[in-house]
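Structure, as structure tokens:
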Amino acid sequence: MRTFHIFDVNSSIVNLTRDDSYPLFYSFLKIKNLGSADLSIGINLYEQIATPIDKSKFSKNIYNHYKESDFYSKYQNEHTYINKYRDEKSFLKIKNAYMKIDTNKDYPEFFKYLKKKNSLFVCDFDNKDYFWINDI
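Residue numbers (this note's numbering): 25 to 160.
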């Protein structure tokens with residue numbers, strides 16, 4: 025299983041880090057690993073590099089895109105795509121600060137829809153993998 029964290033990055037940061045995205049990945053990794061004592065620092069740093077996600081808007085748009093698919097289901101802000109023919113199990117959770125995909129694929133179905141927005145940055149912290157979603 026892979027876990028992808030997807031962040032909506034500020035446009036000025038997108039321009040700065042488009043060609044070299046390691047500093048952006050490293051910043052998100054540091055924020056993720058901060059302890060509760062440093063929470064305010066992490067929030068401040070996050071607000072400088074990313075924008076909050078409109079959960080209801082994203083959830084509604086994803087639902088409208090996949091609602092005709094037999095492999096898709098939704099419960100609140102959690103979306104599921106299970107395709108036994110492609111051997112894919114993907115679970116997308118939309119949160120205020122990021123989206124999270126737990127999947128058994130390197131390229132889950134949800135990426136196809138998310139590629140429409142060019143400011144989304146994907147981090148797989150466990151595998152030290154990171155990329156702009158529209159670059160795949």
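All C-beta atoms, glycine included, are put in the ideal place defined by N, C-alpha and C.
query	result
Candidates Arg-26, Asn-34, Glu-92, of which the one nearest Tyr-70 by Cα	Asn-34
Own chain residues within Cβ distance below 8 Å of Asp-150, not counting five before or after	Arg-26, Thr-27
Spatially closest choice to Lys-79 from Asn-68, Phe-31, Leu-58, by CA coordinates	Phe-31
Host beta strand (DSSP E) of Ile-176 (start-end)	Nothing about residue 176 can be read from this structure; the chain reaches only from 25 to 160.
Endpoints, the alpha helix (DSSP H) within which Glu-71 is located	63-73
Rounded straight-line distance, which links the Cα of Asn-88 to that of Asp-126	21 Å
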